[in-house]
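Numbering (our numbering), first residue to last: 10 to 373.
All C-beta atoms in this analysis are idealised placements derived from N, C-alpha and C, irrespective of residue type, glycine included.
These notes are about the structure you will find just below.
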Amino acid sequence: MPEGFAADRKRGAERMPVLRRVGLFGVVPLVVIAVAAFGWYRLSDTGRDWRYRDRLAGFCQGLVPEAESAVFTGHEESRLGRDRHVPEHDGLRWEQCKVAGLSLVIGDVADTVTNDGDAAGFLTLLHRGSAEQPVALGGGWEGYTDLRNTAVVLPCADRRSSVLVAADSDEALAGPAEARQAARLVTATAVRAARHYGCDAKPGGAVPPVPRPDGETVPENVTGTCAGIPVATAVDRGEVNWIKKTDGTGTAPVEECVLGKTVAFSAAAYHFHANFGPYAQRLRTIRYDGGYGSDGYGTKAESGLHAADAWATARCPGSTARALFVAHATEYAAPTKSFLKASLRAFAERAAKRHGCTDLRLPR
């Protein structure tokens, strides 16, 4: 072996440990930095917020806003769940997801959509499960809250459809302040959903403070959503000694008045409810055994009268689906047809006027 080659090989062998040490000293800091960065990403508040934002980008079609949802989740991505996308079918496309204790449904609902009665279907999920009265959100929104369910409807100006967002809480919300936070989440989601679905809709403004729904009050004070109903007649018959109402301001997609009596326990005698847009579709198009509206509010009947029910319909702005107004007597009432008709007329006329409805069809 030549002397020069042997010398170079020897010098190279001497340099190798030095290079290994230099390489090791270069890699160790990078590993430390990577571990520190990962720990910061997983443990710091800023890293938590980044992870939450990343999760929201693909969660519920990206429709859930960060700030309004974080009020309930605390930016914890683990509190986002049940992400379900239902592709368009027969004029309906929708999403379902969970934000902390709030179950959200978000839909683009054509005026022609019918209620197939599926327990997991979009219109079925709009069922209210609260004993509290629905209170209008105000702020220019067609929405309501009853301290458990909160919803808003945005009619599309460019087509016969509405965007609807509803949030159903696992438990009753803590009070009007938390209900207002839920309303902010619902309205912000609705604005994003309208943009996502290509719906030309006019949103409202800031959600004002939410009033607490009225409890049972004396029947002499017949105002708000109960205004005009001949309550004195039911009082004289011994059927009623209290009413539940809301002040009747703003526009909510559902409105109610309840007349009841307390003896050994409190029980409702008469329910009055007004339903607009998809909420009217839910009731008027429910299918049972191949038929529609077995509860008497079917699509072919624009008004009607039974022994314990009377109903009317009207044409309202923003939807070709007719609004539905119902007077229903429970087993604790002894209704007459004249009382049902007179009560329904008073209730429906005022609700229709609030919503700018025309062509009110009442039972004869």
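On the CB-based measure, 16 or more other CB atoms within 10 Å of its CB, does residue i come out buried or exposed?
i: Ala357; result: buried
i: Arg373; result: exposed
i: Leu369; result: buried
i: Glu265; result: buried
i: Asp99; result: exposed
i: Glu311; result: buried
i: Gly213; result: buried
i: His84; result: buried
i: Ala66; result: exposed
i: Arg375; result: Residue 375 lies beyond the residue range present for the chain, which begins at 10 and ends at 373; the question has no answer from this structure.
i: Ala276; result: exposed
i: Ala355; result: buried
i: Thr196; result: buried
i: Gly207; result: exposed
i: Thr367; result: exposed
i: Ala129; result: exposed
Is residue i near residue j, with beta carbons less than 9 Å apart?
i: Val162; j: Pro287; result: yes
i: Val108; j: Gln190; result: no
i: Thr329; j: Glu151; result: no
i: Pro222; j: Glu104; result: no
i: Leu314; j: Lys346; result: yes
i: Leu194; j: Ala160; result: no
i: Thr322; j: Ala338; result: no
i: Leu349; j: Ala360; result: no
i: Gly224; j: Thr255; result: no
i: Val263; j: Tyr279; result: no
i: Thr121; j: Arg169; result: yes
i: Asp155; j: Ser112; result: no
i: Asp127; j: Ala166; result: no
i: Ala243; j: Ala342; result: yes
i: Pro143; j: Tyr153; result: yes
i: Ser78; j: Gly327; result: no
Could you pull the DSSP bridge partners for residue i from this structure?
i: Leu111; result: Val108, Ser178
i: Cys266; result: Phe281
i: Tyr288; result: According to DSSP, Tyr288 bridges with nothing at all.
i: Pro164; result: Ser171
i: Asp117; result: Arg102, Val172
i: Lys253; result: Val267
i: Arg324; result: Thr367
i: Ala332; result: Ala323
i: Ser312; result: Ala321
i: Ser275; result: Thr271
Please report how far the alpha carbon of residue i lies from the alpha carbon of residue j, in whole angstroms.
i: Arg64; j: Glu86; result: 7 Å
i: Val216; j: Leu182; result: 17 Å
i: Val114; j: Phe131; result: 7 Å
i: Ile295; j: Ala76; result: 37 Å
i: Ser303; j: Pro185; result: Residue placement at Ser303 is flagged as unreliable, the pLDDT there being 47, under the threshold of 50; the coordinate-derived value follows with that caveat. When rounded, the distance between both Cα atoms is 36 Å.
i: Arg62; j: Gly148; result: 28 Å
i: Gly365; j: Val227; result: 30 Å
i: Leu292; j: His282; result: 11 Å
i: Ala319; j: Asp117; result: 30 Å
i: Asp179; j: Arg157; result: 8 Å
i: Pro220; j: Val231; result: 19 Å
i: His205; j: Ala119; result: 15 Å
i: Gly110; j: Gly90; result: 10 Å
i: Ala45; j: Gly56; result: For Ala45, the predicted structure reports a pLDDT of 47, less than 50, and the residue's modelled location is therefore unreliable. A value from the coordinates is still provided. In a straight line, the C-alpha of Ala45 is about 12 Å away from that of Gly56.
i: Arg102; j: Arg246; result: 49 Å
i: Leu146; j: Ala192; result: 7 Å
i: Asn284; j: Phe334; result: 6 Å
i: Cys325; j: Arg60; result: 44 Å
i: Thr82; j: Arg88; result: 6 Å
i: Leu371; j: Leu353; result: 8 Å
i: Gly138; j: Pro74; result: 26 Å
i: Val174; j: Phe68; result: 15 Å
i: Gln290; j: Asp125; result: 11 Å
i: Thr123; j: Glu229; result: 40 Å
i: Leu72; j: Ala351; result: 45 Å
i: Gly257; j: Gln70; result: 35 Å
i: Gly299; j: Pro218; result: Since pLDDT at Gly299 reaches only 43, below the 50 mark, its modelled position is unreliable, and the value read off the structure follows with that caveat. Cα to Cα, Gly299 sits roughly 45 Å from Pro218.
i: Pro95; j: Glu187; result: For the sequence presented, residue 95 should be read as Val rather than Pro. If I take the Cα positions, the gap works out to 29 Å.
i: Asp58; j: Cys106; result: 20 Å
How about residue i: is its C-beta nearer than 9 Å to some C-beta of chain B?
i: Ile252; result: This model lacks chain B altogether; it includes just one protein chain.
Are the segment 266-277 and the segment 249-257 touching, with three or more C-beta to C-beta distances below 8 Å?
yes
Flag this pair as touching only if the segment 199-208 and the segment 220-238 have three or more C-beta atom pairs under 8 Å; answer yes or no.
no
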